[in-house]
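For the protein sequence lines, the chains are A and B, in the order given. The numbering of the first sequence is the working numbering, which starts it at 1 and goes up by one. The numbering of the second sequence is the working numbering, which starts it at 1 and goes up by one. Okay, so here's the structure we're looking at.
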Amino acid sequence: NMAGTLLGRKPVKLLQRFLKSTFCHDVASSSQLSSEKIVIPNRIPRSPTAILEALASTVSRDSSGPHYKYHDDPYLTPGSNLSKRVFSLSKEAGRKAARWIRDENAAFFTHRPDDPFIEAFFPKMTYNEESNLSEETLRELIQKCSVSDAITVYQLSQSKGIELSDNVYQELLELVAYYNCEDPLDEDWVEERWYRQGVTAVRNTWKDNGLAEELFKSLSTKGSAAYGALIRGMAQYYQVDRAWQLYQECKEKNIPLDAGTYNSLIRVASFLRDSFDLRWQLVKELLTSMAESGVSPNLGTLNCTLEALSQVATWRQAKQLSLQVIAEFKSLGIQPCLATYYFLLTIHCRERGPISRILIDILDHIEGKQFEIEDPKDTFFFVTAMDVSRNHLQSLEVAQRVDKLLHTGNNYCLIGDSFKESIYYRHYFALACSTLIIEDFMEIYNDLVPHIYTPEPGVMEEVMKAISTHEAFEYLPQLWSDMIVFEHTSRDRLLSLVLSVLTKYQPSEENKQLTKQLATIAWDVWTRVQEQDETRHNKVSWNGLMIGDLLTTLVQCGEYDKSLIVMKEATTNAHKILGYIPVNALQILNNAAIEKEDAETCVSVAMYGLDAGHQETGEMVKQLQSKLNLSLEHQAKLSSAFGTELLNDSS
Amino acid sequence: MTAVYMTQSWRACSSLRLGHSLFSNGLLRGLHTTQAAHKAQAGRYRVTRNRSKPLTYEMANQPCQIAHRKSWNSWNTTSLYEGLREPETVVDDIFIRKFMTGTWHNLFVSEVIIKRQHNMIRIAGIVQRKIAARKMYFLIGYCEELLSYWLKCPVKLELQTVPDKKDVVYKYI
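In structure tokens form, the structure reads like this:
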């Protein structure tokens, strides 16, 4: 009770004293805290997948295994570039087949056990005479960007006489002008998009007097939105004359246009004028008329202006103007994006021109930043930057900075498509090969190859040349097995390069195993070429140099018997071999045969040398006679071929 | 004239056989007076004379070994408390198994394992390497897509390939 009354009287004061005593070291701060206001921060709105994205950001690409899209099985793991492409595209072909079956037999797939309803699994609606059409249907289809369905519904509603409002007409016009009345490739077919090369020929593909123009004519009031949509569509598909005509019409009728329309016209200015001066003048005209109408420029304007300049990049003033343009837009508060930097690189880092270090300035600016897609040409930046570092600046340091930027955050999404990715890594790889010492280069090789990047035959040749210069033969077995996996063994240039590299190797006592491996490689080359299918249209055929290198390697690595097989084949099927075996190879073989006291081989080598017209054959025969005792047949053969004086001189 | 035979097996069940005579081809009508207790023969394979029948591990272990040396082929929560959609799941599984074994023609060497996890169905199995890898990818894409259209939920295939049928044989009986 005493305790109770004690506590009951001043519990708060006791509590405070208790707290102060326990947190005595925080006395100073607690007094500060009690005077400061506690500010509760605002709730950060999170998306439904925010946690998943945060978890995903902790994991980066694992280079020790194939890409996640491939099935996790050794048989189903791709080795070469071709198989990577074939596997992803055939999987997608299976998906397309399944979708076709679903849409053909739509009646079987219309059950709806799923709650909430998932539209992606439901068969596609087809619109025909009997379907219930209204303006809402058309609006929905326009929202989903299904161009051909929208056109069908529009035509059906025209035939049925359904009234459509002007707004819907405008939306439909915008859709049809943007897509040029064609369906875009479905977003579900990611692999096809990934492997599709985006380079489309720059020619007029606009559908003249097509649905877009028909819609435009049928509009009751042709306002700025309508003109804008049509001009933009025409400019995008390079119908530049008509676009310019419409622009002039707008000027006459005093119809205001928006920034996007001006941008599309600036982009195609190069097609409207011939000389560089006039093109730039036109661009300036458009920009001034834009300013006069009070339309404020945006990032698109900056990019289109620079694109126009990159079309005239060989003009003396292009570089200067591009820098001025960037500065002016910066003063307007428009920050450049990756596409801007891409155009700057194309303007400044020309093949024939002074070296420009603009890439380094750009990297200083954007190092460590994360980018989102802001312009379709953003995806060109990384490839071009790596190209510039390799060919223009020839600096691995810059290349590594670019690579680091690519791997920050989500920037890897901006690599574009598979073609750009392979070119990016090709440049990086070739640059590393030519700049680094072989050990460091093989580190990069082991990291990237084979799952992130598979070298092309041309790049492989560079690697072989580097190995040859550095005489780093211990990497040859690994490279040869990689070449088999990448299906490079049917390229004769690469094979002859491999053989010539092998000849440089001098075997010694310490590396007996390496000697054996290299001999195996040489023999493997032989068997692969010999066992080729006769009917192949581009089969590898031997030439004299290759056989010579092969013989040298086999003899040097101690495979004398195998070299005999090769020699036999060479003498019997000499017509299949292009050219003659060079004399040093014959000499090496001759010396080995003399050591082994194999007179038969020496004689056949001498005969071959005579056929080939080598001058040193005589010397070889003399050497042979002095070292070995020849049988009568051999003597007879040699004398009939070389003449008796030669043989008598040797004594 | 009918004859009544009373049989008593060691399992203490009795059955009667009523028929004309033992030696003619008369029809026999039988009735059991106790529970019918037949020998268990489900999932068991008969031993051959020359030990030539190959059995996979799954086939070699009888149904009584489930949860001991074997596990189930279908994993879902329908049999738990408040588990929903039990009969529909069973029928879906039958459909999936027929679809998979039919599409992968003579290629499956194991049972088709079906696991339901969240909103996904994961289908696993062992497949022979009789067709080219790119054809396998076509079938994988096709099966995943068509089954997800049919079952209205994401379907993922997790196959393992094996070079030869003999690699999954556990014993010969």
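All C-beta atoms, glycine included, are put in the ideal place defined by N, C-alpha and C.
Take the alpha-carbon of G161/A and the one of L175/A: they are about 22 Å apart. Ranking Q117/B, R122/B, V169/B, E82/B by CA distance to the CA of M100/B puts R122/B first.
I123/B carries a strand assignment under DSSP once its states are collapsed to helix, strand and coil. Under DSSP, the beta-bridge partners assigned to F108/B are V127/B.
Nearest Cα to P123/A within the set T137/A, N105/A, N132/A, S131/A: N105/A.
Shown in chain order are the members of the region 115-128 of chain A whose Cβ falls below 7 Å from a Cβ of chain B: I118, F121.
Counting other Cβ atoms within 10 Å of its Cβ, R102/A reaches 16 or more and is therefore classed as buried. Taking the Cα positions, L396/A is about 24 Å away from S64/A. Linking T469/A to L476/A through their CA atoms gives a straight-line distance of about 13 Å.
For Y172/B, the enclosing beta strand (DSSP E) covers residues 169-172. With 16 or more neighbouring CB atoms inside 10 Å of its own CB, V388/A falls in the buried class. Within the same chain, Cβ atoms closer than 6 Å to the Cβ of Q311/A are found at S270, the five residues on either side in sequence being excluded. The region 258-267 of chain A and the region 280-289 of chain A touch, with three or more beta-carbon pairs separated by less than 8 Å. Contact of G141/B with chain A is assigned, a C-beta pair being separated by under 8 Å. When rounded, the separation of the alpha-carbon atoms in F108/A and G83/B is 27 Å. Taking 4 residues as the shortest admissible run, the region 464-489 of chain A contains the following complete alpha helix (DSSP H) segments, listed from N- to C-terminal end: 476-485. Per DSSP, E158/B lies in no alpha helix (DSSP H); the unbroken beta strand (DSSP E) holding it starts and ends at 155-162. Close CB contacts of N73/B within its chain, under the 6 Å cut and outside five residues either way in sequence, are with E111, I113 (chain order). Counting C-beta atoms within 10 angstroms of its own C-beta, M567/A has 16 or more neighbours from the protein chains shown and is therefore classed as buried.
Close partners of L55/A in chain B (Cβ separation under 7 Å) are lacking, with about 16 Å as the shortest Cβ gap. DSSP links L55/B through a beta bridge to K171/B. Contact between Y560/A and L586/A is ruled out by a C-beta separation of about 15 Å, above the 8 Å threshold. Between E182/A and D149/A, the alpha-carbon positions lie close to 10 Å from each other. Taking the C-beta atoms as reference points, V459/A is found nearer than 8 Å to F429/A. Listed in chain order, the alpha helix (DSSP H) elements of length 4 or more contained wholly in the region 580-645 of chain A are 583-595, 599-612, 617-627, 632-642.
For K91/A, the enclosing alpha helix (DSSP H) covers residues 81-104. Among the CB atoms of chain A, one or more fall inside 8 Å of the CB of F138/B. Close CB contacts of D492/A within its chain, under the 6 Å cut and outside five residues either way in sequence, are with V540 (chain order). In this structure, the straight-line span from the alpha carbon of K207/A to that of Y247/A is close to 18 Å. With distances taken between CA atoms, A226/A lies nearest to Y169/A out of Y169/A, L610/A, L299/A, I594/A. Look at the beta carbons and you see the region 306-326 of chain A touching the region 339-350 of chain A: at least three pairs across the two are nearer than 8 Å. With a threshold of 16 other beta carbon atoms within 10 Å, C64/B falls short and is exposed. The beta carbon of S79/B sits closer than 7 Å to the beta carbons of E86 from its chain, once the five residues preceding and following it are set aside; these are given in chain order. Cα atoms of F371/A and P354/A: separation of roughly 30 Å, rounded to the nearest angstrom. Comparing alpha-carbon positions, the option among Y262/A, L414/A, R316/A, A291/A lying closest to C337/A turns out to be L414/A. With contact defined as three or more Cβ pairs closer than 8 Å, the region 543-562 of chain A and the region 575-586 of chain A are in contact.
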